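Anchor point for the sequence shown: position 39 equals 39 in UniProt numbering, and the numbering is continuous, going up by one each time.
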Amino acid sequence: MTINPGTAEAPSRQIAEHLRAAIRSGSLQPGDRLPSIPSLSASYGVARQTVQRAFDQLRVEGLVLTKPGSGTFVRGSRRQMHRLSRSRYGRARGYHRDMPVRYRQRLISAGTEACPDDVARAFGVEVGTPLVLRRHVLYLGDQPAEVGASWLRPTDVAGSGLDTLDAPRGPLYLAVEEATGRRYTKASDHITARQPTRTEAELLQIRPDTPVLALLHVARDEHGDVLEVSQATWPGPGTMLVDEYPVPQGPERPDPREDDGGFDIVLA
């Protein structure tokens, strides 16, 4: 393993590319431990800080993860989150169609909290209005895949226990429908890319400079009133969003005034 001193590419980037190629070729498999920083430093003839920068680059890309006291390991395959699938509000709707098999959800808090700006706008209330908040972490195996939160109006779920750590027996939406006597009929997803908060980085076990995908999901009842606003945050480099939908058939031209349920691109 050598560094090419004749190129303008920094040594740390060259080392990162060597390791990246080994991961993509399968020479390094998910779960494999990378050589230690001292050993790579000796092999490449560079300072340990140079190898550390290479590791940092691979972590930001989501290719590796560091376990304190154990080393740096190749991360598993990219997660496919069907959170955008229309089928999530079917008979088995949820974060994933096979969530009980593949995912494990841990509720970390429940209670009343002042709502932030984006949630307040969705509900049409003032920033800081007290709302019921349920926070969770979703795990794929032993790796955190999502940090999420569900916001509800206290008057909608009073006496339901949804403001406590008692988990509903089924999907949350069913518990909300039972508590309110209203049905979820329409929802919208708003997705942004940003840097994580300190809490998100800690819960997702990622570096603070690793970009994340943030979802704001707004669910409405048959009258158009908001029933629930939920948030989800995923590590950007390790997540693939999948949206499946039917393609209209036949000779009819679509009415441009109709909402096709697709994406609108908004430049912030």
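Idealized CB from N, CA, C, for every residue including glycine. No experiment lies behind these values; they were computed from the predicted model shown.
*Option in R198, A175, L204 and L216 with minimal Cα separation from A187*: Of the listed residues, the one whose Cα sits closest to A187 is L216.
_In this structure, how does DSSP classify P237 when only helix, strand and coil are distinguished?_
Three-state result, P237: helix.
*DSSP bridge partner residues for S230 (one or two, in chain order)*: Note: S230 sits in a beta bridge opposite S150 and H217.
*Could you give the C-beta distance for L152 and Q105, rounded to a whole number, given that I count them as a contact under 8 Å?*
Going by Cβ atoms, the distance from L152 to Q105 rounds to 17 Å, so no, they are not a contact pair.
*Have a look at the DSSP bridge pairing and note the partners of L65.*
According to the DSSP secondary-structure assignment, L65 is paired through a beta bridge with F73.
*Does the region 5-16 come close enough to the region 42-53 to have 3 or more Cβ pairs within less than 8 Å?*
At 8 Å Cβ cutoff, the stretches touch.
*Using the beta-carbon count (16 or more within 10 Å), is H136 buried or exposed?*
Looking at its Cβ environment, which holds 16 or more other Cβ atoms inside 10 Å, H136 is buried.
_Once the 5 residues before and after E113 are set aside, which same chain residues still bring their CB inside 6 Å of it?_
By the criterion of a C-beta distance shorter than 6 Å, E113 is surrounded in its chain by L133, once the five residues flanking it on both sides are discounted.
*Helix, strand or coil for E177 per DSSP?*
The answer is helix: DSSP assigns E177 an H, G or I state.
*Spatially closest choice to G31 from G6, L63 and E228, by CA coordinates*: The shortest Cα separation from G31 among G6, L63 and E228 belongs to L63.
*asked:* Measuring straight from C-alpha to C-alpha, what distance separates P235 and R194?
replied: Rounded to the nearest whole angstrom, the CA to CA distance from P235 to R194 is 10 Å.
_With H, G and I counted as helix, E and B as strand and the rest as coil, what does DSSP make of Q105?_
Look at Q105 here: in three-state DSSP terms it is strand.
_Between the alpha carbons of V119 and D156, how many angstroms are there, rounded?_
Pairing V119 with D156, the inter-Cα distance amounts to about 16 Å.
*Helix, strand or coil at I37 [DSSP, three-state]*: Residue state, collapsed to three classes: helix.
*How about G71 and S39: are their beta carbons less than 8 Å apart?*
Going by C-beta atoms, G71 is not nearer than 8 Å to S39.
*So P3 is in the beta strand (DSSP E); what residue range does that whole segment cover?*
Before going further, note that residue 3 is Ile rather than Pro in the sequence given. Careful: I3 lies outside any beta strand (DSSP E) and carries neither H nor E.
_E202 versus R75 - alpha carbon distance_ = Distance between the alpha carbons of E202 and R75: 17 Å.
*Distance, Cα to Cα, Y103 vs F73?*
If you draw a straight line from the Cα of Y103 to the Cα of F73, it comes to about 21 Å.
*Hey, could you find the ends of the alpha helix (DSSP H) S12 is sitting in?*
Note, S12: alpha helix (DSSP H), P11 to S25.
*asked:* Classify D221: buried if its beta carbon has 16 or more other beta carbons within 10 angstroms, exposed otherwise.
replied: Burial of D221 is indicated by the presence of at least 16 other C-beta atoms within 10 angstroms of its C-beta.
*DSSP state of L140 mapped onto helix, strand, coil*: It is a strand residue.
*Just checking my contact of T239 with A214 at CB under 8 Å: how many whole Å lie between their CB atoms?*
Rounded, the Cβ-Cβ distance is 11 Å, inconsistent with contact.
_Segment limits, alpha helix (DSSP H) that includes T199_ = DSSP places T199 in the uninterrupted alpha helix (DSSP H) bounded by R198 to L204.
*With E146 and A219 assumed to form a contact (beta carbons below 8 Å), what rounded beta-carbon distance in angstroms separates them?*
Their Cβ separation, rounded to whole angstroms, is 17 Å, which puts E146 and A219 out of contact at 8 Å.
_Which of the three DSSP states is assigned to T155 in this structure?_
Correct three-state label for T155: helix.
_Is it buried or exposed, R48, if we count other Cβ atoms within 10 angstroms and call 16 or more buried?_
Exposed is the call here.
*Report back the beta-carbon spacing between L107 and L165 to the nearest angstrom; my notes put them in contact at under 8 Å.*
Contact holds; Cβ gap of about 6 Å.
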